[in-house]
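Student:
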Amino acid sequence: MNSGIRVRFAPSPTGHLHVGGARTALFNWLFARHHGGAFVLRIEDTDRSRSTEENIASIVDALRWLELDWDEGPPAPGYRQTERFDLYREHAARLVAAGRAYHCDCPPELLERERKAVEARKETFRYSGRCRDRGLAAGALRLRIPDTGSTVVDDLIHGPVTFDHAQLDDWILVRTDGTPTYNFCVVVDDVTMRITHVIRGNDHLSNTPKQVLCYAALGYAVPAFAHVSMILGADRARLSKRHGATSVQAYREQGILPEAMVNYLARLGWSSGDQEIFTRAELVERFDIKDVSSAGAVFDQTKLEWLSHEHIKAADGARLAALVRPFVEAAGLTAPPPARLGPMLDTLRERARTLRELVEVGRFYFERPAGYDDKARAKLLTPAGAERLGVLEARLAAVEPFAAPALEALYRGLAESMSLKLVDLAQLTRLAVTGRTASPPLFDVLALLGRDEVLERLRAARAAASSGGAPPAGAA
RNA sequence: GACCCCGUCGUCUAGCCUGGCCCAGGACGCGACCCUUUCAAGGUCGAGAUCGCGGGUUCGAAUCCCGCCGGGGUCACCA
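Residue 1166 is where the first sequence starts when you use my numbering, and the numbers rise one by one after that.
1) Please identify the residue among Gln1246, Thr1189, Phe1204, Leu1233 whose C-alpha is closest to the C-alpha of Arg1213.
2) Alpha carbon to alpha carbon, what distance is there between Ala1496 and Asp1210?
3) Within the continuous alpha helix (DSSP H) that includes Val1427, where are the two ends?
4) Smallest Cα separation from Thr1289: which of His1330, Val1351, Asp1270, Pro1311?
5) So, with DSSP's three-state summary, where would you put Pro1374?
6) Inspect the beta-carbon positions of Leu1306 and Val1261 and report whether they are closer than 8 Å.
7) Hey, how far is the Cα of Pro1502 from the Cα of Ser1436?
8) Could you please give me the residues that DSSP links to Phe1204 through a beta bridge?
9) Can you confirm whether the stretch 1217 to 1235 touches the stretch 1174 to 1187 when touching is taken to mean that 3 or more C-beta pairs between the two stretches lie within less than 8 Å?
10) Would you mind giving the Cβ-Cβ distance between Leu1510 and Leu1472, rounded to the nearest angstrom? I have them listed as a contact below 8 Å.
11) State the start and end residues of the unbroken beta strand (DSSP E) segment that holds Val1339.
12) Bridge partners for Val1393 per DSSP, in chain order?
13) Less than 8 Å between the C-beta atoms of Ala1391 and His1362, yes or no?
14) Report the start-end ranges of each beta strand (DSSP E) in the stretch 1232 to 1295 that is 3 residues or longer and not cut off at the edges.
15) Determine, using beta-carbon pairs with one atom in the stretch 1533 to 1549 and one in the stretch 1440 to 1458, whether at least three such pairs fall under 8 Å.
16) Taking the straight line between their C-alpha atoms, what separation do you get for Thr1346 and Trp1230?
17) What does Phe1452 pair with, by DSSP beta-bridge criteria?
18) Closest to Leu1506 by CA distance: which of Leu1523, Arg1365, Thr1519 is it?
19) Can you name, in chain order, every residue of its own chain whose Cβ lies under 6 Å from the Cβ of Ser1458, other than the five neighbours on each side?
This is how it looks when you write it as structure tokens:
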């Protein structure tokens, strides 16, 4: 557990945890766990106006839901940028003392004018360097960038990426008001937290040479970088709200299993042979940053749901019961105790892709049918149907034991003696008991519901049939 | 606009470094059939990619080289 490898996830708490952020966090976590390193959580809250406590809580909550545990970070102190200003100030002073940074008093209006002029000529804006050698003692602080040469970012995913210094300019480290800028904070934080591998979104690749030059100016070793591609919407543009749900929280509310979310996010842009379904342990074992794709990936809700389905099918019964309970309650229903809920879920799991669907498809376990499927009611809840229900009630009242095999034998025998097909009696019963034409295997459902409840529902259906198929009286 | 990244079935991807096993493999989705008390699940089969485009190198290129096109990202005293 002490490989010396240290990675971090550094979200800014300006909103909920986005799936792109979650994937970045996951890759960092997997990298740390695979190599026996440390995973650090740091909150980039220098933007006080947009950072809120609620957002921090929400991000922490989402990470916990995904079970991406951190070895260092909140609630311990010192992992928020707003708590680290002394560090930034100290490093800024060091750069000034070493002559690697200088103060600049160019008024924003001047800079803006220069920028406009340059844009008019369709060129890239670079700070003129007007204050470079003026030896000012106050004002914004800029990093002195070499005029010539280039910086190579050796990216673990993209390979070496070269940036010409002529493209870079003397960027601002500290603003006139004394507050440090994002790029400077990141460098100082990463060095002081002894981060060895910076795994982050592709959108930071262009800023990396600036940061690398800052490490060098500070005399620190440069960490390894890995820039993960972005998650895209169906139109191949960066995934955003207009594409639909983007926050991890939203998927949680949909009833996607956390392990499915983790599995999906990992497979989005990473692969290991032809394997699609991974447990958390397999992911940790197989993960290699070199297998992460450099191309952007379109988020596919359908495949996420398929994976959720697979994980629901494979989930431990007790765990699944615990996960689904809140969803049963959210639907205004009451779940039976674990001993009964477990077997019910076993009949439901291969029929639902999400926890929400699990409740929907098994609704009849938690309440009596509030009505009957229209078409089926017209077809089955007829005078003839009522008669058959009467026969079924009588036989069901006496069958022993009230278990699936005995029930099936009863139905098969009855169908034969009435010269009907099994399906005729089964669908009638299914409609009476669940209100629908589709359900888990009927005899399992009957056994799980219990004799009294089944007889009650058959009687209600018979009453509905006699009265022309109206909804059952006194339904749930 | 400049710079940087990316470009294999609709989607996620394998293969690309170390050319031939690839007239391109797997998965999701889609279609058909089988199984079946319903719905699912499961099984089998199938449609679906001239490997962004154009040149070149080579006996041979998805794989190597050059050019182009398309998409995305970054260019702030925002993060």
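Positions of the beta carbon are idealized from the N, C-alpha and C atoms, including for glycine.
Tutor: Checking against the coordinates, here is how it stands:
1) Gln1246
2) 37 Å
3) 1423 to 1432
4) His1330
5) helix
6) yes
7) 40 Å
8) Val1172
9) yes
10) The Cβ separation is near 18 Å, so there is no contact.
11) 1337 to 1339
12) Gly1366
13) yes
14) 1266 to 1269
15) no
16) 32 Å
17) None, per the DSSP bridge assignment.
18) Leu1523
19) Gly1434
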